[in-house]
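Comments concern the structure below.
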Amino acid sequence: MKLFISLSFLFFHTLSFAQNSNSIAREWVDTMLEMVKEDGQGPTIHARNFFHVTAAMHDAWAAYDPKQKTYFLGTKKNGNTIAFNPNFKQISKNTDSLRHIAISFAAFRILKSRYDDYGSKGRTIDLLINTIEKHNFNINDNATNYEDGTPEALGNYIAEQILIFGKNDGSKEEDRHELEKYSPKNKKLMPENPGAIGLNFPNHWQPIYINKYITKKGPDKSLKEWNHLLIEGNVDFLTPFWGEVQSFALPTESKEGMIHFNPGPPPYINTGNQQETEAYRWGFSLVQRYSSKLDSDNSKIWDISPKGITSLDGHLPTGLNEYKTYYTNVGNNKRNYNIKNPITKKKYPKNLVKQGDYCRVTAEFWVDGPNTKSPPGHWLEFLNKVSYHPEFKRKWNGKGQSLSQLEWDIKSYFLMSGTMHDAAISCWSAKGHYDYVRPISAIRYLGSLGQSSNSNKPNYNSSGLKLEKGLVELVTENDSLVGINKEHLNKLKIYNWRGPDYIDNPFTDTAGVGWILAENWWPYQRYTFTTPPFAGYTSGHSTFSIASAELLTYISGSPYFPDGLETFTANKNEFLGFENGPSETITLQWATFYDAAIETCLSRVWGGIHPPSDDIEGRKTGKKVAENAIKFSKSFFN
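The working numbering puts the sequence shown at residues 903 to 1540.
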């Protein structure tokens, strides 16, 4: 009877999948992306789930072709060999239908296991059930004896083995990915209070406790209720041990202690070393300077077309002077290449927008925080845009014969997700080791110290912020910020985005840019998710995005999007969620994958989440991660 049912499924799915333009692999990746949006476990955990599910789908696909290698099946992981008989019986010669079923059961079982015990279960498992039941699969078929020939059993077996592997891969899955022994050096920051109280170690990460401010201000109207419940409990450092998780393709020689591709220490504030202190101060001051541009009234015009805005994707800075030149040139230089679209052979037309709109839109478009598909998911969506573009030729690395949609999807999802997993491991290995401070703590701290420009002026401290007319100044007696009793006299004030205290309704209000006390600085983010709950150095966005751009360039055989142009339109007074805006409809444009990646990197500086050192070292790590993933793929794929 069971064999008859499986054969009936095969007949039905031969018709069903033939009529569906998306491959079964795409269906499951889309389901995962929606589940991530309804969950909140963090980018490291999502990247691991993406990898394990796409690896399972790959092995379910490869098992039916003896010429293809498997990643888990028949290999040694965690010191144990995952048994697999490649000559197992097959109940049908219809390999496509067998694969569809095996892929589905493998993906379903892993995802159900990974989400079943979390608070998001009520939102995510329904998505999972909808996808599996859409194809009339029997989700109660739990058989794992794949040698009987049913594809359901093969999918279940693959999932079972990967789930066993996952319990011992260093991710502490059975402890909900938590590390009890981690203790932050600094006490919690309550950002509604002035200064960086509790930051006793200014080179180290400070947890943020936002609950009281949320209670005072009320729920974020642009988020769902479950987002708030998650955020209120999201204080501890997310997976500081992630450098110990088993990777996809990281070489053993890349690891130094627990750090992969060790970037070396970030700039530290050091009273005994003014040069090092200057690098620290400059980096966080740069974030503060960028914040001063985030105003709808900032009418400076930038050409953000591929020929207009500099991509800055060449030489990366190494010393402080190079850093200063590099970040000063953002948006100012005209490119000396990409003048013409390589596909249409026509010049890219100008795309003139307000700087204040562009910088706020990029900060929000790439934020990938609560209620989004996460940084790894964002790049999987870009992969979908490429893979399903009507003009795209599915030739691996742009060479050879075109692959079927399923083979292309299986291989590209597997390689992209494995790369994202390695990017998370590498990046978080540095985060966990260096435990570096975030801008919200550092800028407030530097501002509270005082000014370091002139020892003859009030409020001098050699480690404080530099005075700069129109950007960083002292509060004077006649200043509106001086306070009723002049309690703020001679404190530092900065000209910046003013923060959430100036926004009652994000759909109608803007905080704008103006003078605030330096001790009250906020990043341009949701007030409910001021800064991600983990250390800054290195930037996850930079690591993920550069790794993804390198990978997309390799698998497609071209650095360009299929039309030579990819876009996203942010509608006037609709797109922004942190405050109202943009003031005009603007369209982001990218000619190359690197254009999009570099914009991602810079968006985290505009948004007040990372100083330049976090960004640049993250980019370097991302490139190394991708290079090793590509090297692995060349020997793995036939």
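Glycine residues also receive a C-beta, built at the ideal position from the N, C-alpha and C atoms.
Item                                                                                                                                                                        : Value
If you follow the alpha helix (DSSP H) that residue 1303 is part of, which residue opens it and which one closes it?                                                        : Counting along the chain, residue 1303 falls outside any alpha helix (DSSP H), and DSSP gives it neither H nor E.
Does the pairing of the segment 1324-1337 with the segment 1383-1401 give three or more beta-carbon distances under 8 Å?                                                    : no
Which residues in the same chain as residue 1154 place their Cβ atom closer than 6 Å to its Cβ, once the five residues preceding and following it in sequence are excluded? : none
If you draw a straight line from the alpha carbon of residue 1333 to that of residue 1275, how long is it in whole angstroms?                                               : 22 Å
Tell me whether residue 1426 sits in a helix, a strand or coil according to DSSP, three-state version.                                                                      : coil
Would you call the CB atoms of residue 947 and residue 1162 closer than 7 Å?                                                                                                : no
Below 7 Å between beta carbons: does that hold for residue 1471 and residue 1489?                                                                                           : yes
Measuring alpha carbon to alpha carbon, tell me which of 1316, 1221 and 1414 ends up nearest residue 1009.                                                                  : 1316
Can you have a look at residue 995 and say buried or exposed, based on whether 16 or more other CB atoms are within 10 angstroms of its CB?                                 : exposed
Any idea what DSSP makes of residue 1255, helix, strand or coil?                                                                                                            : strand
Ignore the nearest five residues each way along the sequence and tell me which others in residue 1303's own chain have a CB closer than 8 Å to its CB.                      : 1297
Kindly provide the ranges of any beta strand (DSSP E) runs that are 3 or more residues long and lie completely inside the segment 1028-1113, ordered along the chain.       : none
What would DSSP say about residue 1268, mapped onto helix, strand or coil?                                                                                                  : coil
Between 1068, 1070, 1159 and 1373, which lies nearest to residue 1397 when the distance is taken from Cα to Cα?                                                             : 1373
Starting from residue 1182, trace the beta strand (DSSP E) in both directions and tell me its first and last residue.                                                       : Taken as a continuous stretch (DSSP letters only), residue 1182 belongs to no beta strand (DSSP E), being part of the alpha helix (DSSP H) at 1176-1193.
Mind checking residue 985: buried by the 16 CB within 10 Å criterion, or exposed?                                                                                           : exposed
Taking the alpha carbon of residue 1300 as the point to measure from, which residue in 1461, 1039 and 927 has its own alpha carbon closest?                                 : 1461
Out of 974, 1449, 1510 and 1366, point me to the one whose CA is closest to residue 1428's CA.                                                                              : 1510
Give the secondary structure of residue 1477 by DSSP, where H, G and I count as helix, E and B as strand, and everything else as coil.                                      : coil
Return the chain-ordered list of same chain residues with a C-beta closer than 8 Å to the C-beta of residue 1540, the five sequence neighbours on each side being excluded. : 969, 970 and 971
Can you tell which of 1054, 1139, 981 and 1033 has the C-alpha that lies nearest to the C-alpha of residue 1070?                                                            : 981
Could you give the DSSP three-state label for residue 1147: helix, strand or coil?                                                                                          : coil
Using C-beta distances below 6 Å, list every residue in its chain close to residue 1281, excluding the 5 sequence neighbours before and after it, in chain order.           : 1450
Would residue 1504 count as contacting chain B if we go by Cβ distances under 7 Å?                                                                                          : You won't find chain B in this structure, because it holds only one protein chain.
Assign residue 1534 to one of two classes, buried (16 or more other C-beta atoms within 10 Å of its C-beta) or exposed (fewer than that).                                   : buried
Going by C-alpha distance, which of 1049, 1050, 1051 and 1028 is nearest residue 1041?                                                                                      : 1028
Taking the straight line between their C-alpha atoms, what separation do you get for residue 1063 and residue 1512?                                                         : 39 Å
Any idea if residue 942 is buried or exposed, counting beta-carbon neighbours within 10 angstroms, 16 or more meaning buried?                                               : buried
When you compare only the Cα positions, how much space is there between residue 1497 and residue 1208?                                                                      : 8 Å
Below 8 Å, how does it come out for the segment 1161-1176 and the segment 1085-1101: are there three or more Cβ pairs, yes or no?                                           : no
Should residue 1252 and residue 1242 be called a contact, given that it needs their Cβ atoms to be closer than 7 Å?                                                         : no
Could you spell out where the alpha helix (DSSP H) holding residue 1009 opens and where it closes?                                                                          : 997-1017
If you compare alpha carbons, which of 1034, 1147, 1176 and 1110 is closest to residue 1324?                                                                                : 1147
Among 1367, 1173, 1233 and 1185, whose alpha-carbon lies nearest the alpha-carbon of residue 1223?                                                                          : 1185
Give me the Cα-Cα distance between residue 1525 and residue 1193, rounded to the nearest whole angstrom.                                                                    : 28 Å
Quickly, what does DSSP pair residue 1158 with across the bridge? List them, please.                                                                                        : 1161
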